[in-house]
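If you're matching positions, the sequence shown starts at 13 in this note's numbering and goes up one per residue. Don't be surprised by glycine CBs; every beta carbon is placed ideally from N, CA and C.
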Amino acid sequence: MEITVGFYGGAGTVTGANFLLSDGTTNILVDCGLTQGKDFCDKCNFDDFEYDPKDIHALIFTHAHLDHIGRAPKLIKDGFNGGVYCTPPTEDLLTVMLADSEGILKREAERKNIPPMYSKGHVDGLLQKVETHEYHKKFEIGDFVCEFFDAGHILGSAIVRITHKQTDKSYVFTGDLGNSPSPLLPNTEVIADADYLIMESVYGDRLHEDIEHREEKLRDIILRSIERGGTLMIPAFSMERTQILLYNLSNMMEAGEIPKIPVFLDSPLAIKVTEIYKKYSKYLKQDLQGEIKKEGDIFDFDFLEKTESRDASKAILHAETPKIIIAGAGMSHGGRIQHHEMQYLDDPKSTLMIVGYQAAGSMGRVLQDGGKKVRIFNKEVPVKATIETLSGYSAHADRDNLVEFVSHTSTKLDTAFLAMGEPGPASFLAQRLHDFLDVKAIVPEKGKTYTLK
Ligand SMILES: [Zn+2]
13 MEITVGFYGG
23 AGTVTGANFL
33 LSDGTTNILV
43 DCGLTQGKDF
53 CDKCNFDDFE
63 YDPKDIHALI
73 FTHAHLDHIG
83 RAPKLIKDGF
93 NGGVYCTPPT
103 EDLLTVMLAD
113 SEGILKREAE
123 RKNIPPMYSK
133 GHVDGLLQKV
143 ETHEYHKKFE
153 IGDFVCEFFD
163 AGHILGSAIV
173 RITHKQTDKS
183 YVFTGDLGNS
193 PSPLLPNTEV
203 IADADYLIME
213 SVYGDRLHED
223 IEHREEKLRD
233 IILRSIERGG
243 TLMIPAFSME
253 RTQILLYNLS
263 NMMEAGEIPK
273 IPVFLDSPLA
283 IKVTEIYKKY
293 SKYLKQDLQG
303 EIKKEGDIFD
313 FDFLEKTESR
323 DASKAILHAE
333 TPKIIIAGAG
343 MSHGGRIQHH
353 EMQYLDDPKS
363 TLMIVGYQAA
373 GSMGRVLQDG
383 GKKVRIFNKE
393 VPVKATIETL
403 SGYSAHADRD
413 NLVEFVSHTS
423 TKLDTAFLAM
433 GEPGPASFLA
443 QRLHDFLDVK
453 AIVPEKGKTY
463 TLK
């Protein structure tokens with residue numbers, strides 16, 4: 013018997029995670045994500061899988077970001093009939109994220125006049141197969157024994173440790189690792205007994221700054237924007253970033269650190285995701301449990317208005333300033349934020365606050381780099397608003413966090429495979445793990461299968 017791991021996506025690139033662990037009898041996929049951002053190619057998302065989905069016995073999701081789940085309904089379309097495993101919050105997030113992306117993919121396919129990657133029926137077929145497992149509860153797939161640990165990245169995110177009954181070795185897939193300490197989530201758990209790590213390396217060569225001062229900076233930006241008297245626009249990703257902002261705003265208003273001005277959460281997806289964060293509040297960090305008990309809902313406050321319908325969204329225009337609008341998409345590459353940007357970017361009293369990574373070529377990046385005009389809905393809009401950048405809110409572990417994560421298992425570890433990172437950061441991290449921890453680290457090649465001892 014031989015244990016192998018194949019890298020079918022998320023090798024040499026951040027997105028599109030898709031790994032295949034096999035003992036020759038049982039085939040387990042870990043994640044099945046969309047390739048996104050500047051790696052985006054219609055071809056690779058629409059291509060046939062390099063294995064036969066009919067031969068796969070199980071699919072394990074580490075967490076509900078689209079670059080880890082977004083291609084999974086295509087597995088169903090192509091004949092996959094195994095079990096699907098994740099944590100309970102991931103199941104709920106999966107449901108809203110896949111419904112949202114199915115709609116986007118369908119509209120995109122119509123525009124390009126090609127058949128969609130999958131249909132709603134395939135999404136439903138996938139969801140019907142989901143079996144949830146809590147952190148620290150073992151479950152078996154063939155001769156493999158699996159267990160989830162908290163990755164601290166987004167709600168429900170998991171590191172999955174898979175041991176094999178015959179080899180007695182542990183194969184650990186990290187998914188994305190969190191940037192602990194997070195304002196909302198427990199710290200990333202330590203894994204001390206990995207023989208093989210298949211780990212992320214997004215920020216393998218970078219350090220995050222400002223983590224301690226992020227809340228002060230947020231407060232200062234809000235106060236400056238209120239002084240200008242206009243609208244503060246915050247393009248934000250609907251999962252995690254939005255909930256952190258709501259939690260921070262709620263506390264700052266409560267403490268009298270910022271004036272009580274209207275805040276609009278203008279994103280149907282973010283509204284749904286926030287409900288899931290509320291439902292699973294016992295998965296949030298221990299320090300918050302007292303607040304949750306007292307307040308019930310730590311994401312809601314008197315001056316927050318959730319605008320689900322289009323009409324409610326349009327009515328924000330008539331609300332008095334100063335006001336705050338949180339809306340997707342996080343890189344201003346679509347979604348309702350564009351309507352507000354169209355309205356307020358040419359207003360010198362307004363502010364746009366960037367809270368996340370802005371990919372090269374995105375409109376958010378143009379704004380962040382000081383662009384004087386942008387095109388929205390085919391119209392040129394001059395940028396007169398103040399553009400502010402808030403750092404320190406990354407959901408990913410940085411270079412030092414990643415080295416520390418490996419240090420806990422370095423004496424037992426045989427090999428670390430550095431996936432889910434660009435070649436530069438992944439190689440940098442490989443060198444560092446070798447130099448600092450004497451660990452053998454490999455940057456895997458896409459499409460290649462490695463035999464594990
Ligand atoms: Zn992620």
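Between residue i and the rest of its own chain, which residues show a CB-CB distance below 8 Å, the 5 nearest in sequence each way excluded?
i, result
"isoleucine 273", "Ile238, Phe315, Pro334, Lys335, Ile336"
"isoleucine 270", "Arg231, Ile234, Leu235, Ile238, Leu261, Met264"
"isoleucine 288", "Pro101, Asp104, Leu105, Val108, Leu167"
"aspartate 359", "Gly242, Thr243, Lys396, Ala397"
Report the rounded CA-to-CA distance for residue i versus residue j, giving the unit in angstroms.
i, j, result
"lysine 361", "tyrosine 295", "40 Å"
"aspartate 43", "serine 169", "12 Å"
"aspartate 217", "threonine 16", "28 Å"
"methionine 432", "isoleucine 283", "29 Å"
"alanine 341", "glycine 242", "21 Å"
"isoleucine 310", "alanine 327", "26 Å"
"valine 393", "alanine 331", "22 Å"
"methionine 245", "phenylalanine 185", "37 Å"
"proline 198", "glycine 302", "14 Å"
"glycine 382", "valine 96", "45 Å"
"lysine 391", "glycine 24", "37 Å"
"asparagine 413", "asparagine 191", "8 Å"
"glutamate 434", "glycine 268", "43 Å"
"alanine 324", "tyrosine 130", "31 Å"
"histidine 408", "glycine 346", "23 Å"
"serine 293", "methionine 13", "43 Å"
"leucine 441", "valine 26", "14 Å"
"valine 451", "arginine 411", "15 Å"
"glycine 41", "alanine 121", "The sequence shown places leucine at residue 41, rather than the glycine named in the question. Looking at the two C-alpha atoms, the distance is approximately 27 Å."
"lysine 424", "arginine 322", "55 Å"
"leucine 402", "glutamine 380", "11 Å"
"valine 378", "alanine 70", "42 Å"
"glutamate 307", "lysine 290", "11 Å"
"arginine 253", "glutamine 178", "42 Å"
"threonine 286", "leucine 449", "40 Å"
"isoleucine 304", "phenylalanine 313", "13 Å"
"glycine 45", "glycine 82", "5 Å"
"tyrosine 369", "methionine 251", "14 Å"
For residue i, does the count of other Cβ atoms within 10 angstroms reach 16, so buried, or fall short, so exposed?
i, result
"isoleucine 116", "exposed"
"aspartate 278", "buried"
"valine 478", "Because residue 478 is not part of the residues shown, which for the chain are 13 to 465, the question remains open."
"isoleucine 126", "exposed"
"methionine 365", "buried"
"aspartate 104", "buried"
"arginine 226", "buried"
"serine 113", "buried"
"lysine 86", "buried"
"glutamate 400", "buried"
"threonine 175", "buried"
"glutamate 228", "exposed"
"glutamine 8", "Because the chain in this structure spans residues 13 to 465, residue 8 falls outside the shown range and cannot be described."
"aspartate 79", "buried"
"histidine 5", "Because the chain is modelled from 13 through 465, residue 5 falls outside the range shown and cannot be assessed."
"glycine 94", "buried"
"glycine 133", "exposed"
"phenylalanine 156", "buried"
"histidine 351", "buried"
"glycine 459", "exposed"
"glycine 91", "exposed"
"aspartate 162", "buried"
"glycine 373", "exposed"
"arginine 444", "buried"
"threonine 463", "exposed"
Cutting at 6 Å between CB atoms, please list the residues of its own chain near residue i, excluding the five before and the five after it.
i, result
"isoleucine 223", "Gly404"
"histidine 420", "Val202, Ala204"
"phenylalanine 276", "Glu317, Thr319, Ile328, Ile337"
"lysine 181", "Asp207"
"glutamate 159", "Lys150, Arg173"
"proline 437", "Ser213, Gly216, Asp217"
So residue i and residue j are supposed to be a Cβ contact under 8 Å. How far apart are they, rounded?
i, j, result
"aspartate 188", "histidine 165", "4 Å"
"alanine 76", "leucine 138", "Rounded, the Cβ-Cβ distance is 13 Å, inconsistent with contact."
"asparagine 30", "glycine 22", "6 Å"
"glutamate 201", "isoleucine 171", "7 Å"
"threonine 153", "threonine 38", "One point to set straight first is that residue 153 is isoleucine, not threonine, in the sequence displayed. Correct: roughly 6 Å between the Cβ atoms."
"alanine 371", "methionine 354", "Rounded, the Cβ-Cβ distance is 21 Å, inconsistent with contact."
"isoleucine 349", "proline 247", "4 Å"
"valine 386", "methionine 375", "6 Å"
Leaving out five residues on either side along the sequence, give the residues of the same chain with a beta carbon under 7 Å from the beta carbon of residue i.
i, result
"tyrosine 259", "Pro195, Leu196, Ile310, Phe311"
"isoleucine 256", "Pro195, Leu196, Tyr405"
"asparagine 57", "Leu46, Thr47, Arg83, Met129"
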